[in-house]
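Numbering (this note's numbering), first residue to last: 206 to 263.
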Amino acid sequence: MIGLNKEGQRIYLWHPWEKGIASVEPYIYEDLPIYKYLQELAKRGEDIEEYKSIWYYY
206 MIGLNKEGQR IYLWHPWEKG IASVEPYIYE DLPIYKYLQE LAKRGEDIEE
256 YKSIWYYY
């Protein structure tokens with residue numbers, strides 16, 4: 206992980222395994238913020254109260 210943006214998305218910079226062999230650019234990935242994920246679960250009919258413990262992960 207290389208950082209967080211203002212919405213809480215984790216941003217990753219992945220280096221390809223062939224980095225030293227071929228000219229391949231690293232891949233930047235932004236995951237879905239937890240709050241937006243919970244909103245999506247609520248839209249699907251899930252009880253998001255069952256997920257309240259996910260805020261305290263390490």
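Idealized CB from N, CA, C, for every residue including glycine.
(message) For tyrosine 232, which residues in the same chain have their Cβ closer than 6 Å to its Cβ, ignoring the five residues on either side in sequence?
(response) As a working note, residue 232 is residue 27 in the sequence shown. Cβ neighbours of tyrosine 232 beyond the five flanking positions: Trp219.
(message) Mapping the DSSP letters down to three states, classify isoleucine 207 as helix, strand or coil.
(response) Residue numbering aside, residue 207 sits at position 2 when the sequence shown is read from its first letter. Note: isoleucine 207 maps to coil in three-state DSSP.
(request) If I'm right that glutamine 214 touches glutamate 235 with Cβ under 8 Å, what's the distance once you round it to whole angstroms? (result) Start at 1 with the first residue of the sequence shown, and residue 214 comes out as number 9. Start at 1 with the first residue of the sequence shown, and residue 235 comes out as number 30. Beta-carbon to beta-carbon, glutamine 214 and glutamate 235 are separated by about 5 Å, close enough to satisfy the 8 Å threshold.
(request) Return helix, strand or coil for isoleucine 216, following the three-state DSSP convention. (result) Here residue 216 corresponds to residue number 11 of the sequence shown, with the count starting at 1. Of the three classes helix, strand and coil, the one that applies to isoleucine 216 here is strand, per DSSP.
(request) State the Cα-Cα distance for the pair lysine 211 and proline 238, rounded to the nearest angstrom. (result) Translated into the one-based positions of the sequence shown, residue 211 becomes position 6. Translated into the one-based positions of the sequence shown, residue 238 becomes position 33. Taking the straight line from one Cα to the other gives about 10 Å.
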